[in-house]
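Chemist:
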Amino acid sequence: MQEAPKYTFKDFASDQEVRWCPGCGDYVILRAVLKALPEIGRKREDIVFISGIGCSSRFPYYVNTYGMHGIHGRAPAIATGVKLANRDLSVWVITGDGDSLAIGGNHFIHALRRNVDLNILLFNNEIYGLTKGQFSPTSLLGQKTKSSPFGNIQPPFNPGELAIGAEARFFARVPDNLPKQMTEVFVEAERYKGTSLVEIMQNCVIFNDGAFDEYTDKKVREDHLIWLEHGKPMIFGKEHNKGLRLNGLQLEVVTLGENGITEDDLLVHDAHNPDPALHLMLVRMKMPLAVGIIRQVDYTPFDERLDEQIKALREQSKFKSVDELLFSGETYVVE
Amino acid sequence: MSNPTDTAKGPASKERAALEEVVIRFVGDSGDGMQLTGSQFSGTSALLGNDIATFPNYPAEIRAPQGSVYGVSGFQVHIGQVEVATPGDEVDVLVAMNPAALKTNLSAVPPGKTIIVDTDGFTQKNLAKAGYETNPLEDGSLEKYTLIEAPITSLTRTAILDLGLDNKSMNRSKNMFALGMVFWMFNRPLDHTIGFLEKKFAKKPQVVEANVRALKAGYNYGETLEILPVYKVPPAKMEAGTYRIIMGNTALAWGLLAASEKSGLPLFLGSYPITPASDILHELSRHMHFGAKVFQAEDEIAGVGSALGAAFAGNLAVTTTSGPGLALKTETIGLAVMTELPLVVVDVQRGGPSTGLPTKTEQADLLQALYGRNGESPAIVLAATTPANCFDYAYIASKLALEHMTPVILLTDGYLANGSEPWRIKKVADMPDIKPHLAKAKGEENGAPYLPYQRDAETLARYWAVPGMSGFEHRIGGLEKENLTGNVSYDPQNHEYMCKIRAEKVARVARDVPELQLEGAQEGDLLVVGWGGTYGSLHMAVKGLHEQGESIGLAHFSYISPLPPNTAEVFARFKKIVVCELNLGQFVVYLRNELPQFEYLKFNKIQGLPFAVVELRDKFKSLLK
């Protein structure tokens, strides 16, 4: 394979006018993706973006690669076909909480289970935006929306928990106001061989403004988010003095220097551990909220398994052409 | 059985009447091996040069309780020295292994025909299970038939007693005993079946021995049985060539493989198991060595979704299903219409609506295939007409999709899918070329930028640029496309233009559609119109009447959308037109819309069964009066 040319951000911007609402978190994500693409070392023609339906799913129109704006919920299925058809492609799925967790839930979990080499970017704004403000499968209990004027009575999914339950081997979570870190996570997601799921806490300025302020507001985010890095102790806080440790079967926030707590008492993040127990605890944790790459476990991607099976069968097969199959077995001649 | 044409000496100096054709039905419990028995009889008969059609009949339940009427499984074989185009209306020889099998199949046997029963199966318990109050073998109710009462199970056990098998294993060979008897009846050699058994049970020599002994014992028993009528069915006149017996679903799978090889594009199948289409998935799964990517998806929607993704990425993309699955794939087929990607959708029709009759045949998905999508959503619709030509139409569906950049829906049905007939094997080299409508690689084009919705002036097909092609990066999707650029467009005039051009693109496929051929009368009193899997029955009915001097012709359609270009001209040559379908009149609805200048009579049947030749003949006679 030829090496990819040295691209810049601009090489991946399409000529289409971006049509999200002013102030939408999607702009930040688009920019982070456009910055990540020159870093992944792939040629532009080998990159494909597939989306479903929803605000986020307009995304492929704004990236100068191959792309398909699909139908509601089906992007993982379409993307699976793209990847199986041509393993040399870098295939990205752009989806939202309604698209992938409601109407497309089945495709979402099965893509994760199979571990097709896809990069799924899940724009989670906890609301339906494009249909103008109904509750989504990640909306909070009690949340008042157009279709729940008296409060939402459907308990939500936690996308990471659902994903890990569906055998996800790569899960990351990022807020939409940390673009640099987001770009790094996207690059890492692309490098991972298998399905990488990145949940982006995306603010919808129109229908669910401030949904993540508790975590993402600049004033509090250092104390309310913990950015996990593989191999590093779980430390957070403005003063870098808070940490996580295991207390029985619970995660516990402790302060370094208090009660004789030292860094040695803290958990060290092991994203590569196949056992999902701790990853699940981290994903479910409400305060602080875990962000960064929470789980990243090596596992043979489905597309590789299929490719290897076909290669092996090709070598073993007695049929070298379709004609040989057609004339094989029980045939007879009429004179 | 048709009229004996001459007689010959049988091996035991019995006179063997020569038959033009015969229909034999083997019926028993779903675990009795009736499918295997029937296919062995048809395989041996094929080697003797007979024309053949077969059809299995099995319950939707995998292993229904033994002896119950809903657990009866059957296999019908029609062989002839004359042309055989259907598995046959009426049964000449019924082999029934138990009372339930007799009870559920007796109505297909006309008086005077032969019934062979395993008397060991007619226990009080089994009679009660079948709902018989008295034993039909004793109460005189079978007097009208040539009844052959054979203790098949006990004779089988006697023949293999010394092999030391357990009871259950011994009983398993009784189907071979029955087959041996029928082989004797029709003067068939045993070597083909013996060879089959040796191969199938190569690792179990004891099982081979038991089955071969049972087969021979049945054959010899037949010879000693004075009352058993004996016949011969001489070879049919068939076009010279190499043949094989092929089932519709297998033929269809192979047609896709042939199209993949010819087009040079890898085959991608995205599918979800559903009766009666699953055998296509099974068959292609066995042949991934050709590079075919076979993907069993999580549901019908993902089956077609993955196929559309593979089409976007440059494969020959196919999804296979039956009626309920086609309903689920609807939205994605609409996306294929909008993105103008090549996609082959195979619908093996079964009885509907809803879950309907999963193992029975019907033609009631036609309007779903034609119109079952939101918006103005034209697609090519084809229908295979015989088990063997499922190969050809799978090939043609692939060719049209790849050359015209559109989804193609190929309709077959349960009857074609599971039916089998001799197929004069084709070579891939003899199949027409397939030229995928690919965008020219960089350097070949005239320097103009690639426009995803620029079209070929003749066919209106857009050019297919696939990921990996440098300089062709583009975005497509389900939102309305601006002409040429493919950018999202809400412009009113553009939408109308695009709707019309998508329709015109499919309409222009008619230029590649062969002319409608008439069988029988080329003009006259009655034109019989059919489509798809009813061909065999309609052909035989019309042929028979035409040979008797009636003014009757047959126009049978494989190309539904678009229709063959000479359809109106053909219709105009007849005084009456009757459209025969296994539904309540769907093709008529379509024809009345497409060609409203004609008056259409209807003849419909919706029983999960194919047309019987005799019921068609009666209907046509009444219309010819």
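Quick mapping for you: the protein sequence lines, in order, are chains A and B. Just so it is clear: in the first sequence, position 79 is 111 by our numbering, and no numbers are missing. Just so it is clear: in the second sequence, position 293 is 444 by our numbering, and no numbers are missing. For every residue, glycine included, the Cβ atom is placed at its ideal position computed from N, Cα and C.
1) Along chain A, in chain order, which residues have C-beta atoms closer than 9 angstroms to that of B:F463?
2) Could you tell me the alpha carbon to alpha carbon distance between B:V121 and B:L253, rounded to whole angstroms?
3) Output the boundary residues of the beta strand (DSSP E) element that contains B:E670.
4) Can you give the beta carbon distance from B:T636 to B:Y604, rounded, assuming they're within the 8 angstroms contact cut?
5) Applying the 10 Å Cβ sphere with the 16-neighbour rule, what's the burial state of B:D769?
6) So B:Y283 packs on B:A409, CB below 8 angstroms; how close in whole Å?
7) Which ranges does the beta strand (DSSP E) cover as unbroken runs of at least 3 residues, wholly within the region 577-646 of chain B, from first to last along the chain?
8) Buried or exposed: where does B:R808 fall if 16 or more other Cβ atoms within 10 Å of its Cβ makes it buried?
9) Among A:Q48, A:N157, A:R146, A:V114, which one has its Cα closest to the Cα of B:V455?
10) How is B:G231 classed by DSSP in three states: helix, strand or coil?
11) Can you find the residues in the same chain that come closer than 6 angstroms, C-beta to C-beta, to A:A107, ignoring five residues on each side of it along the sequence?
12) If I measure Cβ to Cβ from B:L508 and keep anything under 7 angstroms in the same chain, skipping five residues before and after, which residues do I get?
13) Would DSSP call A:L233 helix, strand or coil?
14) Any beta-carbon of chain B closer than 7 angstroms to the one on A:R76?
15) In its own chain, which residues sit with a C-beta less than 7 angstroms from the C-beta of B:T536, not counting the 5 before and 5 after it?
16) With DSSP collapsed to three states, give me the class of B:Q500.
17) So the beta strand (DSSP E) B:P713 belongs to, where does it begin and stop?
18) Select from B:A464, B:R339, B:T195 the residue whose C-alpha is nearest the C-alpha of B:F347.
19) Cβ of B:K388 less than 7 angstroms from any chain C Cβ?
20) Kindly give me the distance between the Cβ atoms of B:D202 and B:M389, rounded to whole angstroms, as I take these residues to be in contact under 8 angstroms.
21) Counting Cβ pairs, one atom from each stretch, are 3 or more of them under 8 angstroms apart for the region 287-300 of chain A and the region 240-248 of chain A?
22) Assuming A:N118 and B:A464 form a contact by the criterion Cβ under 8 angstroms, report the distance between their Cβ atoms to the nearest whole angstrom.
23) I'd like to check one pair, A:Y364 with B:Y394: are the Cβ atoms closer than 7 angstroms?
24) Which partner residues does B:A534 have in the DSSP bridge list?
25) Kindly indicate which residue of A:E49, A:K67, A:D120, A:L69 has the alpha-carbon position closest to the one of A:R90.
26) Which value, in whole angstroms, describes the spacing of the CA atoms of B:E482 and B:C650?
27) Any C-beta of chain A sitting closer than 7 angstroms to the C-beta of B:S457?
28) Taking 7 angstroms as the limit between beta carbons, can you name the residues of its chain near A:K178, skipping five residues before and five after?
29) Inspect the beta-carbon positions of B:L365 and B:F328 and report whether they are closer than 7 angstroms.
30) Would a C-beta distance cut-off of 7 angstroms place B:N277 and B:N249 closer than the cut-off?
31) Using only alpha-carbon positions, find the residue among B:W335, B:I311, B:P261 that is nearest to B:F192.
32) If we call anything under 7 angstroms between Cβ atoms a contact, is B:A204 one with B:T237?
33) Label A:M319 either buried or exposed according to how many other C-beta atoms from any shown protein chain fall within 10 Å of its C-beta, with 16 as the threshold for buried.
34) Taking 7 angstroms as the CB-CB limit, is A:I103 close to chain B?
35) Give the straight-line distance between the Cα atoms of A:D297 and A:M266, rounded to the nearest whole angstrom.
36) What are the start and end residues of the beta strand (DSSP E) that includes A:Y364?
Modeler: According to the data block:
1) Stepping through the second sequence from its first residue, residue 463 of chain B is reached at position 312. Those are V80, I82, Y98, M100, I110, G113, V114, A117, listed as they occur along chain A.
2) It is not possible to answer for residue 121 of chain B, since the shown part of chain B is limited to 152 through 776.
3) Sequence index remark: in the second sequence, residue 670 of chain B carries index 519 (1-based). Residues 669-671.
4) Within the second sequence, the letter at position 485 stands for residue 636 of chain B. Within the second sequence, the letter at position 453 stands for residue 604 of chain B. Right, their Cβ atoms sit about 7 angstroms apart.
5) If you number the second sequence from 1, residue 769 of chain B lands on position 618. By the neighbour-count criterion, in which 16 or more other beta carbons inside 10 Å mark a residue as buried, B:D769 falls on the exposed side.
6) Taking the first residue of the second sequence as position 1, residue 283 of chain B is located at position 132. Taking the first residue of the second sequence as position 1, residue 409 of chain B is located at position 258. B:Y283 to B:A409, Cβ: 51 angstroms. No contact.
7) 626-628
8) Lying outside 152 to 776, the shown extent of chain B, residue 808 of chain B is not represented and no answer is given.
9) The residue given as residue 455 of chain B occupies position 304 in the second sequence. Cα-wise, what sits closest to B:V455 is A:V114.
10) Stepping through the second sequence from its first residue, residue 231 of chain B is reached at position 80. Three-state DSSP puts B:G231 in a strand.
11) Start at 1 with the first residue of the first sequence, and residue 107 of chain A comes out as number 75. Residues I82, S83, G84, V125, T127 of the same chain have their beta carbon placed closer than 6 angstroms to that of A:A107, with the five preceding and five following residues left out of the count.
12) Start at 1 with the first residue of the second sequence, and residue 508 of chain B comes out as number 357. Within the same chain, B:L508 has close Cβ partners R501, G502, G759.
13) Indexing the first sequence from 1 puts residue 233 of chain A at position 201. It should be noted that the sequence gives Met, not Leu, for residue 233 of chain A. Of the three classes helix, strand and coil, the one that applies to A:M233 here is strand, per DSSP.
14) Reading the first sequence from its first residue, position 44 is the one you call residue 76 of chain A. A:R76 counts as touching chain B.
15) Taking the first residue of the second sequence as 1, we reach residue 536 of chain B at position 385. So the list reads G683, G684, Y686, H707, S709, once near-sequence residues are dropped.
16) On the second sequence, position 349 is the one that residue 500 of chain B refers to. In the structure shown, B:Q500 sits in a strand (DSSP, three-state: E or B).
17) Sequence index remark: in the second sequence, residue 713 of chain B carries index 562 (1-based). From DSSP, B:P713 is part of no beta strand (DSSP E); its letter is neither H nor E.
18) As a position in the second sequence, residue 347 of chain B is number 196, starting the count at 1. Taking only the C-alpha atoms, the option nearest B:F347 is B:T195.
19) Protein chains A and B are contained in the structure displayed, whereas chain C is not.
20) For the purposes of this step, residue 202 of chain B is taken as the residue at position 51 of the second sequence. For the purposes of this step, residue 389 of chain B is taken as the residue at position 238 of the second sequence. Right, their Cβ atoms sit about 6 angstroms apart.
21) No, they do not touch.
22) Counting from one through the first sequence, the residue named residue 118 of chain A turns up at place 86. Counting from one through the second sequence, the residue named residue 464 of chain B turns up at place 313. That belief holds up - the Cβ atoms of A:N118 and B:A464 are roughly 5 angstroms apart, short of 8 angstroms.
23) Residue 394 of chain B sits at position 243 when you count from the first residue of the second sequence. Residue 364 of chain A sits at position 332 when you count from the first residue of the first sequence. Yes, the Cβ-Cβ distance between B:Y394 and A:Y364 is below 7 angstroms.
24) On the second sequence, position 383 is the one that residue 534 of chain B refers to. Beta-bridge pairing links B:A534 to B:L562.
25) Taking the first sequence and counting its residues from 1, the one referred to as residue 90 of chain A is at position 58. Among A:E49, A:K67, A:D120, A:L69, the Cα nearest to that of A:R90 is on A:E49.
26) Start at 1 with the first residue of the second sequence, and residue 482 of chain B comes out as number 331. Start at 1 with the first residue of the second sequence, and residue 650 of chain B comes out as number 499. So the two alpha carbons sit approximately 17 angstroms from each other.
27) Counted from its first residue, the second sequence places residue 457 of chain B at position 306. Yes, because at least one Cβ of chain A sits closer than 7 angstroms to the Cβ of B:S457.
28) The residue you call residue 178 of chain A lines up with position 146 of the first sequence. Hits under 7 angstroms: K164, G165, Q166.
29) To locate residue 365 of chain B, count along the second sequence from 1; it is residue 214. To locate residue 328 of chain B, count along the second sequence from 1; it is residue 177. Note that residue 365 of chain B is Ala in the sequence shown, not Leu. Cβ atoms of B:A365 and B:F328: closer than 7 angstroms.
30) Counting from 1 along the second sequence, the entry for residue 277 of chain B is found at position 126. Counting from 1 along the second sequence, the entry for residue 249 of chain B is found at position 98. Contact: yes.
31) Indexing the second sequence from 1 puts residue 192 of chain B at position 41. Of the listed residues, the one whose Cα sits closest to B:F192 is B:W335.
32) On the second sequence, residue 204 of chain B is found 53 positions in, with the first residue counted as 1. On the second sequence, residue 237 of chain B is found 86 positions in, with the first residue counted as 1. Yes, the pair counts as a contact, with Cβ atoms nearer than the cut-off.
33) If you number the first sequence from 1, residue 319 of chain A lands on position 287. Per the 10 Å Cβ criterion, exposed.
34) Residue mapping note: residue 103 of chain A aligns to position 71 of the first sequence, counting from 1. At least one chain B Cβ lies under 7 angstroms of A:I103.
35) For the purposes of this step, residue 297 of chain A is taken as residue 265 along the first sequence, with counting starting at 1. For the purposes of this step, residue 266 of chain A is taken as residue 234 along the first sequence, with counting starting at 1. Using only the alpha carbons, I get a separation of about 10 angstroms.
36) If you number the first sequence from 1, residue 364 of chain A lands on position 332. Run containing A:Y364: 364-366, per the beta strand (DSSP E) assignment.
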